[in-house]
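Chemist:
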Amino acid sequence: MKNLELKNRFTLAPLDMRMSLFDGTVSQNDIKFHGIRSKSVGLDIIGSAFISNSGNTALGSISISRDEDVEGLTKLTQAIHKNQTKAIIQLVHAGRMTNKQATLGSPVVGPSAIKATYGKVDEPQALTRQEIYGIIKQYQDATKRAMAAGFDGIEIHGANSFLPQQFVSNLSNRRSDQFGGTLENRLRFIKILIQRTKNTISQFRGNDFVLGYRMSPEEFEKGGLTLKESLILAKTLEELGIDYISLSLHQFDIRPQTYETKYSIAEIFRGLLKVPLIIAGEISNPIKIESALKMGDLVGIGRPLIIDPDWLHNVQGDQVLKNKSDVLASDIGVSAQIYKFL
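Heads up: the sequence shown at position 154 corresponds to 640 in my numbering, and the numbers run straight through without jumps.
#1: Indicate the three-state DSSP secondary structure (helix, strand or coil) for Phe653 in the structure shown.
#2: With distances taken Cα to Cα, identify the nearest neighbour of Lys525 among Asn539, Leu492, Glu715 and Ile537.
#3: If we count Cβ pairs, one from each stretch, closer than 8 Å, do we get three or more for the stretch 781 to 790 versus the stretch 737 to 755?
#4: Go to Phe665, then tell me how far its beta strand (DSSP E) extends in each direction, as first and last residue.
#5: Sort out for me which residues DSSP pairs Asp530 with in a bridge.
#6: Give the straight-line distance between the Cα atoms of Ile532 and Thr668, rounded to the nearest whole angstrom.
#7: Could you check where the alpha helix (DSSP H) with Met781 kicks off and where it finishes?
#8: So is Arg631 buried or exposed if we call it buried at 16+ other beta carbons inside 10 Å?
#9: In this structure, what does DSSP give as the bridge partners for Ile728?
#10: Counting pairs of beta carbons, one from the stretch 600 to 609 and one from the stretch 557 to 570, are three or more of them closer than 8 Å?
#11: Assess, as a yes-or-no matter, whether the stretch 541 to 557 is touched by the stretch 631 to 650 under the definition of 3 or more beta carbon pairs within less than 8 Å.
#12: So, Ser750 versus Ile740, is the Cβ gap smaller than 8 Å?
#13: Give me the residue from Gly596, Ser534, Gly786 and His799 with the minimum Cα distance to His643.
#14: How far does the beta strand (DSSP E) with Arg700 in it extend, from its first residue to its last?
#15: Grab me the residues of Thr584's own chain with a C-beta within less than 7 Å of its C-beta, minus the 5 sequence neighbours each way, in chain order.
#16: Which whole runs of the beta strand (DSSP E) in the stretch 543 to 615 are 3 residues long or more, in chain order?
#17: Taking the alpha-carbon of Ala565 as reference, which of Lys586, Glu704, Phe519 and Ala645 has the nearest alpha-carbon?
#18: What does a CB cutoff of less than 7 Å around Leu697 pick up in its chain, not counting 5 residues either side in sequence?
#19: Pull up the distance between the alpha-carbon of Ser716 and that of Phe690, whole angstroms please.
#20: Suppose the cutoff is 7 Å on Cβ atoms and the five residues either side in sequence are ignored; what does the same chain contact list for Ile517 look like?
#21: Can you check DSSP and say which residues form a bridge with Ala535?
#22: Pop quiz: Ser450 and Arg582 are said to be a contact at Cβ under 8 Å. What is the actual Cβ separation, rounded to whole angstroms?
#23: Counting only beta-carbon atoms, is Gln514 nearer than 8 Å to chain D?
#24: Indicate whether Gly528 and Lys572 have their beta-carbon atoms separated by less than 8 Å.
#25: Could you round the C-beta distance between Ser770 and Pro790 to whole angstroms and report it? I think they count as a contact, below 8 Å.
#26: When DSSP builds the beta bridges, which residues end up paired with His799?
#27: Can the beta-carbon of Pro650 be found closer than 8 Å to that of Leu679?
#28: On the three-state DSSP scale, how would you describe His520?
#29: For the beta strand (DSSP E) that Leu784 lies in, which residues bound it at each end?
#30: For Leu798 versus Phe496, is the C-beta distance shorter than 8 Å?
#31: Please list the terminal residues of the continuous alpha helix (DSSP H) segment that includes Glu753.
#32: Go to Leu763, then tell me how far its beta strand (DSSP E) extends in each direction, as first and last residue.
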């Protein structure tokens, strides 16, 4: 991946564990969790680090919104690097997929003033053109902090209906200016974001810092983002010089819902792109690992590594694999809230 040499093809998937302090400061639990679970993977992707209070997805998520966050983030990267594992941090702006409790009173914003139809969310204020460019600068500032903290790269979180995806989707973007309407216009936010972030990386770090992008290939609501639109986005990202694309999938080998095909979504992306591809989703046994490695360059593991930090070692041997029922939340160092979703 770019100039990064990874010790294997497995990544710790970007998880929002909500272990940080109330204001997003890195906690000892964050450091312990990643220090243990990064031992067996080649790449640890820290999930959902918010770039501003307005962009926070939930209380307990990690902050990269302030210069004072660098101290804690540095301790986090050091814990990961001790395992000869590379560290990438995922930058998130929730857009309309949040509420004023999570944003600590900051406005909830989006491309248009359209409230999401699911989740604990508030109605967003439509972003002005000036505010859009202000958010892009927040991504750039967060990128500088990631460099200062010793990360090996960043990943733009453009999946799970967060802000970049909101600009692309007709469900959340009804703008009539240069950021809305045609697909070309709806892609404009992401194009400017990637171009300016790459400029920041070139200016302050050079060629040894990775820029990735995570995306959801389809939206399930009627009239939402289609696979064809996502393929155009992916090709655009590749042309802009993105270093990898990560697919957010419920199941790694799932087929698309927006048109008939015998191929999985991952196989379709693999056939279109030359850029490295990370895939994840219900990869839970050796057969699935083997299949996933044929579809993607890297394979993301989430839930199994939360339950058992030694899962990658055990799954390739004769050891009995742990299930959720075998451990308590306190055994694996997660909150009861996170445990119930495992």
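Virtual Cβ for every residue (Gly too), placed ideally from N, Cα, C.
Modeler: Here's the rundown:
#1: Assigned with DSSP and collapsed to three states, Phe653 falls in helix.
#2: Leu492
#3: yes
#4: Counting along the chain, Phe665 falls outside any beta strand (DSSP E), and DSSP gives it neither H nor E.
#5: Leu498 and Ala573
#6: Approximately 33 Å between the Cα atoms of the pair.
#7: Here the alpha helix (DSSP H) through Met781 covers Pro772 to Met781.
#8: buried
#9: Partner(s): none; Ile728 has no beta bridge.
#10: Judged by Cβ distances under 8 Å, the stretch 600 to 609 makes no contact with the stretch 557 to 570, as fewer than three pairs qualify.
#11: yes
#12: yes
#13: Among Gly596, Ser534, Gly786 and His799, the Cα nearest to that of His643 is on Ser534.
#14: Val696 to Met701
#15: Asn542, Thr543, Val594 and Val607
#16: Fully enclosed beta strand (DSSP E) runs of 3 or longer: 572 to 578.
#17: Phe519
#18: Here the set comprises Gly639, Ile640, Thr683, Lys684, Ile687, Ile728 and Asp729.
#19: 30 Å
#20: Lys561, Leu562 and Ala565
#21: According to DSSP, Ala535 bridges with Leu577.
#22: Here the chain has residues from 487 to 828 only, and residue 450 is not among them.
#23: Chain labels in this structure do not include chain D; a single protein chain is all it has.
#24: Yes, the Cβ-Cβ distance between Gly528 and Lys572 is below 8 Å.
#25: 6 Å
#26: DSSP lists no partner for His799.
#27: yes
#28: Of the three classes helix, strand and coil, the one that applies to His520 here is helix, per DSSP.
#29: Leu784 to Ile787
#30: yes
#31: Ile751 to Leu758
#32: Leu763 to Ala766
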